[in-house]
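*Asks:*
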Amino acid sequence: MAIRGVQIKIKGLTHRYSPRGAVTFNRVDLEAQPGEALAIIGRSGCGKSTLLHIVAGLLRPTEGTIHLDGTLVEGPSPRWVMMFQAPHLFPWMKVAQNVGVGLRFGRWSKNEIRERVAEALRLVELQDFAESNVQDLSGGQQQRVALARSLVMEPELLLLDEPFSALDAFTRSSLQRDVRSIAKRLGINLVIVTHDIDEAVLMADRALIMAGSPGNIVHELEVDLPDPRERQDPAVQALRASLMATFQGAANLKPGTSGAGTGNGSVSKTESFSIH
Ligand SMILES: Nc1ncnc2c1ncn2[C@@H]1O[C@H](COP(=O)(O)OP(=O)(O)OP(=O)(O)O)[C@@H](O)[C@H]1O
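The sequence shown begins at 1 in UniProt numbering and counts up by one.
#1: Which of the three DSSP states, helix, strand or coil, is assigned to residue 140?
#2: What is the chain-ordered set of residues for which the beta carbon lies under 5 Å from any non-hydrogen atom of ligand 1?
#3: Have a look at the DSSP bridge pairing and note the partners of residue 25.
#4: Return helix, strand or coil for residue 152, following the three-state DSSP convention.
#5: Could you tell me the alpha carbon to alpha carbon distance between residue 280 and residue 63, rounded to whole angstroms?
#6: Which runs of the beta strand (DSSP E) at least 3 residues long sit entirely within the region 163 to 246? Give them in chain order.
#7: Let me know the secondary structure DSSP gives residue 20 once reduced to three states.
#8: Among residues of its own chain, excluding the 5 on either side of residue 254, which ones have a beta-carbon nearer than 6 Å to its beta-carbon?
#9: Which residues in the same chain as residue 4 place their Cβ atom closer than 6 Å to its Cβ, once the five residues preceding and following it in sequence are excluded?
#10: Going by DSSP in three states, residue 81 sits in which element: helix, strand or coil?
#11: Alpha carbon to alpha carbon, how far is residue 210 from residue 216? Give it in angstroms, no decimals.
#12: Does residue 88 come out as helix, strand or coil in the three-state DSSP assignment?
#13: Would you mind working out which of 155, 196, 152 and 84 sits nearest residue 231, comparing C-alpha positions?
#14: Can you tell which of 150, 134 and 92 has the C-alpha that lies nearest to the C-alpha of residue 120?
#15: With the cut-off set at 8 Å, would you say residue 87 and residue 14 are in Cβ contact?
#16: When you compare only the Cα positions, how much space is there between residue 114 and residue 132?
#17: Compare the beta carbon distance of residue 10 and residue 28 with 8 Å and say whether it is the shorter of the two.
#18: Using the C-alpha atoms, what's the distance from residue 18 back to residue 206?
#19: Can you pull the DSSP bridge partners for residue 64?
#20: Tell me the rounded alpha-carbon separation between residue 22 and residue 238.
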């Protein structure tokens with residue numbers, strides 16, 4: 001599977017759900033390099049999911065632009081795919097059929113589809129379940145099928161909207177580790193929206209804190225930790241504590257306050273945590 005990441009450039013992104021409604025977020029600017037994994041954390045309602053849906057081309061911004069490697073995002077594309085909390089599988093299809101469903105709409109031969117589906121299933125370690133019914137799988141396995149269905153499209157960018165929050169802690173940990181490791185191996189960019197500070201530390205290269213009303217990215221922290229990342233590792237724990245303190249500080253700041261969103265979309269401060 002030949003995949004590479006993408007340069008993300010978000011400029012002046014503003015959104016409101018209705019012309020007279022409240023502004024969801026205001027003039028968000030953000031850049032990411034090919035292969036980078038970003039986590040967006042923030043309190044409920046600050047606009048994280050809306051931002052992700054706009055990046056995925058599923059919602060239109062009120063103002064501003066998103067360019068992926070210079071291409072303006074104007075709608076959904078197999079190049080940027082979104083994974084949700086629920087896997088949304090077709091229950092009447094086998095695992096392999098679910099994984100290959102997007103390829104059916106392209107100009108792929110049956111052999112090519114078979115090969116690509118087999119490769120995607122190997123990546124998520126479900127190669128022995130190709131002919132299983134999806135209802136017979138656990139929640140974590142179903143989420144792996146959804147991941148394989150995304151990967152089979154060879155995306156450059158994977159957008160994850162709290163994808164593991166419905167899973168038990170053990171399954172969640174293994175998926176967090178595996179998604180990061182697959183994305184790094186293939187060079188795919190990740191943007192993960194989460195409430196979970198641990199998830200941000202375990203999966204991201206950079207954690208972005210969104211806060212305020214209207215929302216904005218008010219803080220960002222580099223997560224410079226080696227892989228594989230283990231929750232119990234003291235370096236992971238130390239970074240988690242720092243991110244939690246920064247998050248609480250940022251979330252408690254009122255919009256317009258120094259150190260929070262500047263209102264012009266700029267990030268006020270970048271901190272770097274490294275164990276090297
Ligand atoms: N379809 C919609 N129509 C109108 N307002 C909406 C709609 N969806 C979300 N909102 C509002 O927009 C704001 C941002 O919502 P959004 O879901 O993006 O926040 P969030 O940070 O992802 O929250 P959560 O963490 O709870 O999912 C909220 O005030 C929400 O009530």
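Virtual Cβ for every residue (Gly too), placed ideally from N, Cα, C.
*Replies:* On the basis of the coordinates in this document:
#1: Counting from 1 along the sequence shown, the entry for residue 140 is found at position 140. Helix, per DSSP.
#2: 17, 24, 44, 45, 46, 47, 48, 49 and 50
#3: Walking along the sequence shown from the start, residue 25 turns up at place 25. Paired residue(s): 15 and 215.
#4: Position 152 of the sequence shown holds residue 152. Residue 152 falls in the coil class under three-state DSSP.
#5: A query on residue 280 cannot be resolved here, the shown segment of the chain reaching from 1 to 276 and no further.
#6: 189 to 194, 206 to 211 and 216 to 224
#7: In the sequence shown, residue 20 corresponds to position 20, counting from 1. Reduced to three states, the DSSP call for residue 20 is coil.
#8: In the sequence shown, residue 254 corresponds to position 254, counting from 1. Legend: pLDDT at residue 254 = 48, less than 50; position of this residue unreliable, no value from coordinates given.
#9: Taking the sequence shown and counting its residues from 1, one reaches residue 4 at position 4. Here the set comprises 187.
#10: In the sequence shown, the residue the question calls residue 81 occupies position 81. Note: residue 81 maps to strand in three-state DSSP.
#11: Working through the sequence shown from its first residue, we reach residue 216 at position 216. Working through the sequence shown from its first residue, we reach residue 210 at position 210. Near 5 Å, if we compare the C-alpha coordinates of residue 210 and residue 216.
#12: Translated into the one-based positions of the sequence shown, residue 88 becomes position 88. Residue 88: coil per DSSP, three-state reduction.
#13: To locate residue 231, count along the sequence shown from 1; it is residue 231. Of 155, 196, 152 and 84, the residue nearest in Cα terms is 196.
#14: As a working mapping, residue 120 is identified with position 120 in the sequence shown. The shortest C-alpha separation from residue 120 is found at 150.
#15: The residue given as residue 87 occupies position 87 in the sequence shown. The residue given as residue 14 occupies position 14 in the sequence shown. Taking 8 Å as the Cβ cut-off, residue 87 and residue 14 do not qualify as a contacting pair.
#16: Sequence index remark: in the sequence shown, residue 114 carries index 114 (1-based). Sequence index remark: in the sequence shown, residue 132 carries index 132 (1-based). Near 15 Å, if we compare the C-alpha coordinates of residue 132 and residue 114.
#17: Taking the first residue of the sequence shown as 1, we reach residue 10 at position 10. Taking the first residue of the sequence shown as 1, we reach residue 28 at position 28. The answer is yes: Cβ separation under 8 Å.
#18: Residue mapping note: residue 206 aligns to position 206 of the sequence shown, counting from 1. Residue mapping note: residue 18 aligns to position 18 of the sequence shown, counting from 1. Roughly 32 Å separates the two Cα atoms.
#19: Reading the sequence shown from its first residue, position 64 is the one you call residue 64. The partner list for residue 64 (beta bridge, DSSP) is empty, contrary to what the question assumes.
#20: Within the sequence shown, numbered from 1, the residue matching residue 22 stands at position 22. Within the sequence shown, numbered from 1, the residue matching residue 238 stands at position 238. Those two C-alpha atoms are separated by around 38 Å.
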